[in-house]
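>
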Amino acid sequence: MRRFIGVDEIEDMALGATVLGAGGGGDPYVGKLMAIEAIRKYGDVELITPDEVPDDAVVVVSQMMGAPTIMVEKICSGLEPMATYDEMVKELGVEPYAIYAVEAGGVNSTIPFILGATRRIPVVDCDLMGRAFPELQMTTLGINGVKGQPAVLADEKGNTVTVRAIDDRWLERIARQATSVMGGYTILASYMCTGRQLKDFAIPGTPTLCEKIGRTLREAREMHADPIAAVLEVTRGHRLFKGKVVDVERNTDGMFVRGRAVVAGLDDDKGRELVIEFQNENIIARADGRALCTSPDLIMSLDMESGTPVTTEGLKYGARIVVVGMPCDDQWRTPEGLAVVGPRAFGYDLDYVPVEELAATEGGR
Amino acid sequence: MAEEKRTWRLGIDVGGTNTDAVIIDGDLNLVASTKSPTTEDVMGGIKAAMHEVVSQIGLEAAANIGFAMLGTTHCTNAIVERRRLNKVAALRIGAPATTAISCMADWPEELKSAMRVRDFLVHGGHEFDGREISALIEDEIREVARVVREEGFESVAVTSVFSPVSDAHERRAVEVLRAELGEEFPISVSSEIGSLGFLERENASILNAALVDVARTTADSFEEALAAEGIVDVAVYLGQNDGTLMSVDYAKRYPIFTIACGPTNSIRGASFLTQEKDAIVVDIGGTTTDVGVLFHGFPRESMVAVEIGDVRTNFRMPDLVSVGLGGGSIVRRAEDGSVTVGPDSVGFRVTRDALVFGGDVVTATDIVAARGLAPEVGDASLTSSLDADLVERGYAEIVRIIEDAVDAMKTSAGDVKVVLVGGGSILAPEALEGASAVLRPPHFGVANAIGSAIAQVSGQIAKVFSLSETPRAQAIEESKRRACDEAIAAGADPATVEVIEVEDIPMAYLGDALCIRVKAVGDLML
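These protein sequences, in sequence, are chains A and B.
According to the working numbering, the first sequence holds residues 393 to 757 in order.
According to the working numbering, the second sequence holds residues 332 to 857 in order.
Below is the structure:
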């Protein structure tokens with residue numbers, strides 16, 4: 393059955409993607425409004441499954457790169473995705489069959505729909521992270537040897553840059569520098585791959601999961617059910633800690649916001665203290681010196697009452713939150729995956745232990 | 332006999348329907364209270380209420396009054412009713428950026444058309460690091476000024492990309508507009524109103540611009556009324572929407588900060604009167620009902636998008652729902668036989684237009700009077716001609732609106748205590764679905780004014796620090812101390828001042844800079 397994404401689906405998807413953003417991925421508001429404005433103007437966008445993409449067809453990612461906090465202030469011209477697409481077609485010599493999202497995050501979950509609506513191109517129901525991560529090469533295609541390059545960057549002023557890099561780390565470095573010069577964020581076309589590679593390596597169903605989480609949260613609120621319990625059910629998540637944010641420290645290093653939030657326990661967690669370390673996304677959650685959840689599993693802060701996801705930039709003194717841990721996609725739990733997104737990859741001297749095992753030793757809290 | 336220290340407070344709350352006044356002594360005892368109709372000129376109602384409470388204690392005791400506080404819901408009413416709003420020209424400085432989302436894209440259609448806003452986009456704005464996106468073209472701004480003049484726009488809202496980092500283009504645009512439109516022309520500048528977040532700041536600036544006449548009328552009325560009553564040499568404050576107080580001059584320039592101070596005051600007043608620390612507070616006035624949450628003794632702040640009249644903005648607000656139900660709400664029967672109540676209201680004319688007062692408009696008050704639930708209001712026999720079916724359906728509709736609003740503020744299915752305040756709370760029944768208890772404290776009608784009178788003073792600091800010069804911990808300590816000093820300088824008792832909010836915003840784009848915002852509050856020094 394053909395499925396189309398319209399304004400209502402975008403609303404739910406953007407909310408759910410912010411949960412899967414694991415503290416990062418940006419505020420969904422601006423990306424959502426841009427997608428909605430494009431859909432209102434040009435029509436709903438067809439969502440196809442990876443299986444529907446022919447093996448030899450070409451697909452590309454449409455994404456945003458840089459600081460979401462800058463995009464919230466300097467909104468796109470709206471022409472950037474089309475500029476990157478046209479340059480990419482020139483570079484490849486073929487028209488892509490479809491486009492897809494790189495990650496589940498407030499912003500990048502909806503960006504493909506601007507291009508999809510405007511150019512009437514289907515969007516594939518998959519992504520390359522199943523959550524949000526801070527760097528371009530942290531993808532399931534990347535750990536399977538598929539390169540992110542060539543990539544085309546565009547800014548709102550009309551500048552475009554095509555990057556042909558020797559590997560993804562160089563792509564990341566060059567693109568970051570260009571993005572900084574171009575004004576703090578750019579829109580990209582990247583991760584060109586075949587339908588076969590998409591079926592083998594992409595994480596299927598992430599956009600649909602985002603939509604489901606968003607819809608669940610919305611319906612739980614409407615019916616006054618516990619929104620956090622509802623999210624835990626859909627995400628197979630674990631309740632890690634409940635408390636009030638008492639301090640947030642942030643340091644910005646290049647395009648990354650690194651920092652930590654200290655949460656003082658409430659109710660069952662009274663007397664305990666949780667520390668969340670973040671690098672754009674939440675990386676480690678520790679209580680009493682013990683890890684409760686680490687990357688690549690997802691650490692998510694939800695507003696205690698409404699269940700609304702709180703991104704790391706939204707963490708404030710006095711915020712009352714429930715911290716939740718969710719298992720990541722199995723591809724990340726391989727040695728290849730952990731080498732790229734495990735605790736050590738982010739500079740923490742810690743072995744990765746799956747959140748469900750940590751939760752079991754914690755006493756099933 | 333006058334005490335040595337003038338520690339008494341006069342608290343006034345102007346609602347859409349009634350103007351409430353109270354006098355509270357130095358030990359926080361209520362010594363006088365009144366409720367009088369809000370008049371068409373506003374000042375008449377303030378004057379009458381003020382005169383009444385001063386008469387209750389006598390002129391000699393009135394000499395103890397050292398503070399006068401005004402909380403007003405006028406700005407909120409203006410937006411909810413879509414009335415008395417200035418015709419706004421919204422100037423966006425940012426092309427070619429920002430065109431992916433139109434001005435007011437996320438606003439309700441109906442408010443958008445009532446606002447009579449025209450948006451203009453010109454080149455300019457800044458990057459995160461202070462570079463220009465494109466140069467400001469002054470002729471484009473002069474052209475906007477020409478349209479403003481020729482088409483009779485009354486107020487301008489100027490929003491430039493990254494103005495919290497560099498306000499150069501906003502300031503220059505204001506100079507060009509002032510040269511064309513005159514020094515006195517109302518211009519709302521986004522960097523003075525909101526923080527980072529372009530659309531939210533633009534929305535807040537447009538609302539602020541639309542409210543300048545409403546605020547001016549209200550502030551002027553209060554100052555004149557105080558002078559006329561002979562209350563001189565007192566500290567005058569206006570309530571702002573975080574439950575604290577601000578100066579009158581400040582309020583005239585930033586009317587938007589008065590929005591929702593009424594509900595904040597009712598929530599604080601409801602807590603003071605019931606000694607409850609956790610409850611849902613329903614404040615029913617003549618035009619609107621505001622429902623807020625008392626959480627550990629303070630109004631719960633909204634953690635999610637801050638919406639005013641369904642418009643997303645970015646300054647701090649209490650978590651509230653506001654619905655168009657009040658004592659003056661107009662009751663109508665639709666063609667299909669169903670009955671609607673509000674959202675439009677006869678407002679302060681309820682005592683003239685409602686049936687119980689001899690008028691000819693069927694209001695929510697008439698419905699409860701017809702059911703014999705408001706024996707002290709007007710002459711219930713004047714509602715005898717009302718169709719029984721209309722009364723039944725109208726009452727069911729009133730209860731439904733209140734229950735839905737309470738429900739909207741709940742986050743779990745459990746029952747909660749509900750505190751009813753406000754003059755219109757006669758509309759509410761003794762029991763509500765979803766409420767474990769419905770409390771209507773003594774003096775419920777003037778909870779707003781009590782909340783206004785007991786309000787605290789705040790001090791706020793927002794400063795950019797260079798981390799290489801000042802370590803973060805030291806910068807925060809310094810900011811906390813300065814915010815506390817500001818609160819003390821504004822009249823807070825040093826023994827009661829506490830920091831209620833610390834926020835640091837990394838401004839990496841400005842090197843190693845960190846913007847630290849701290850807010851402290853304390854009780855008035857008596």
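Virtual Cβ for every residue (Gly too), placed ideally from N, Cα, C.
Flag P427 (chain B) as yes if its beta-carbon sits less than 8 angstroms from any beta-carbon of chain A, otherwise no.
Yes, its Cβ sits closer than 8 angstroms to a Cβ of chain A.
> In the stretch 513-528 of chain B, which residues sit with their C-beta less than 7 angstroms from some C-beta in chain A, listed in chain order?
L527 and G528
> In three-state DSSP terms, what is P856 (chain B)?
Correcting the residue type first, residue 856 (chain B) is Met in the shown sequence and not Pro. Reduced to three states, the DSSP call for M856 (chain B) is coil.
> Taking only beta carbons into account, state which residues of the stretch 432-460 of chain B come closer than 9 angstroms to chain A, listed in chain order.
I432, S433, A436, D437, G456, H457, E458, F459 and D460
> Return the Cβ separation of A426 (chain B) and V453 (chain B) in integer angstroms, given the expectation that the two are a contact with Cβ distance under 8 angstroms.
Contact flag correct, Cβ pair sits at about 6 angstroms.
> Please report the straight-line C-alpha distance between I513 (chain A) and I566 (chain A), rounded to a whole angstrom.
29 angstroms
> Beta-carbon within less than 6 angstroms of T365 (chain B)'s beta-carbon, same chain only, minus the 5 sequence neighbours each way: which residues are those?
The answer, listed in chain order, is A352, A380, E383 and V384.
> Listing by chain order, which chain A residues have their CB less than 9 angstroms from the CB of V492 (chain B)?
E465, K466 and I467
> Run down chain B in chain order and give the residues with a C-beta less than 7 angstroms from the C-beta of E762 (chain A).
The displayed coordinates of chain A run from 393 to 757. Any statement about residue 762 (chain A) would go beyond what the structure contains.
> Counting only runs that start and end within the stretch 525-559 of chain B, where is the alpha helix (DSSP H) found for 4 or more residues in a row?
For the stretch 525-559 of chain B, whole alpha helix (DSSP H) runs of length 4 or above, ordered along the chain, are 529-541 and 543-559.
> Could you check which residue in B:E441, B:C406, B:V492 and B:A535 has the C-alpha nearest to that of A548 (chain B)?
Correcting the residue type first, residue 548 (chain B) is Thr in the shown sequence and not Ala. T548 (chain B) has its Cα closest to that of B:C406, out of B:E441, B:C406, B:V492 and B:A535.
> For L666 (chain A), which three-state DSSP category applies?
strand
> So with Cβ pairs under 8 angstroms, would you call E834 (chain B) a contact of chain A?
yes
> Give the straight-line distance between the Cα atoms of M521 (chain A) and S669 (chain B), rounded to the nearest whole angstrom.
52 angstroms
> Any beta carbon from chain A within less than 8 angstroms of Y840 (chain B)'s own beta carbon?
Low confidence applies here, because Y840 (chain B) scores a pLDDT of 47, under 50, leaving its location unreliable and the question unanswered by this model.
> At least one CB of chain A closer than 8 angstroms to the CB of K608 (chain B): is that the case?
no
> Compute the distance between the beta-carbons of A814 (chain B) and A851 (chain B), then report whether it is under 8 angstroms.
yes
> Interface residues of chain A around R803 (chain B) at Cβ under 8 angstroms?
E641
> If I measure Cβ to Cβ from M435 (chain B) and keep anything under 6 angstroms in the same chain, skipping five residues before and after, which residues do I get?
K443
> Kindly indicate which three-state DSSP category E383 (chain B) falls into: helix, strand or coil?
In the structure shown, E383 (chain B) adopts helical secondary structure according to DSSP, grouped into three states.
> T682 (chain B) CB to nearest chain A CB: under 8 angstroms?
no
> Whose C-beta lies closer than 8 angstroms to the C-beta of P442 (chain A) among residues of the same chain, with five residues either side of it excluded?
V516, D517, C518, G587, L590, K591, A594 and P596
> Output the boundary residues of the alpha helix (DSSP H) element that contains E638 (chain B).
Run containing E638 (chain B): none in the alpha helix (DSSP H); it sits in the beta strand (DSSP E), V637 to I639.
> Can you pull the chain A neighbours of K741 (chain B), defined as C-beta to C-beta under 7 angstroms?
Around K741 (chain B), the beta-carbon contacts reaching into chain A at under 7 angstroms are H616.
> Can you list, in chain order, the residues of its chain with a C-beta nearer than 7 angstroms to that of A737 (chain A)? Leave out the 5 residues immediately preceding and following it.
A731
> To the nearest angstrom, how far is the alpha carbon of T758 (chain A) from that of A739 (chain B)?
Since the first residue shown for chain A is 393 and the last is 757, residue 758 (chain A) is missing from the structure and cannot be characterised.
> From the DSSP output, read off the bridge partner residues of C602 (chain A).
DSSP output for C602 (chain A) lists no bridge partner at all.
> When you compare the stretch 654-674 of chain A with the stretch 599-616 of chain A, are there three or more beta-carbon pairs, one atom per stretch, that lie closer than 8 angstroms?
no
> Quick one: does V422 (chain A) have its CB under 8 angstroms from some CB of chain B?
yes
> Report the neighbours of L425 (chain A) on chain B: residues whose CB is nearer than 7 angstroms to its CB, in chain order.
Going along chain B in sequence order, the residues near L425 (chain A) (Cβ under 7 angstroms) are I432, A436 and D437.
> Output yes or no for whether 8 angstroms exceeds the beta carbon distance between I431 (chain A) and A509 (chain A).
For the 8 angstroms CB-CB criterion, I431 (chain A) and A509 (chain A) form a contact.
> Counting only runs of 4+ residues fully inside the stretch 413-473 of chain B, write out the alpha helix (DSSP H) ranges in chain order.
Taking 4 residues as the minimum length, the alpha helix (DSSP H) runs contained wholly in the stretch 413-473 of chain B are 440-446, in order along the chain.
> Exposed or buried, D718 (chain B), counting other C-beta atoms within 10 Å across all chains shown (16 or more means buried)?
exposed
> Any chance the stretch 747-759 of chain B sits against the stretch 768-780 of chain B, with 3 or more Cβ pairs inside 8 angstroms?
yes
> Check this for me: beta carbons of L361 (chain B) and I847 (chain B), under 8 angstroms apart or not?
no
> Any C-beta of chain B within less than 7 angstroms: which residues of the stretch 423-448 of chain A qualify?
L425, M426 and E429
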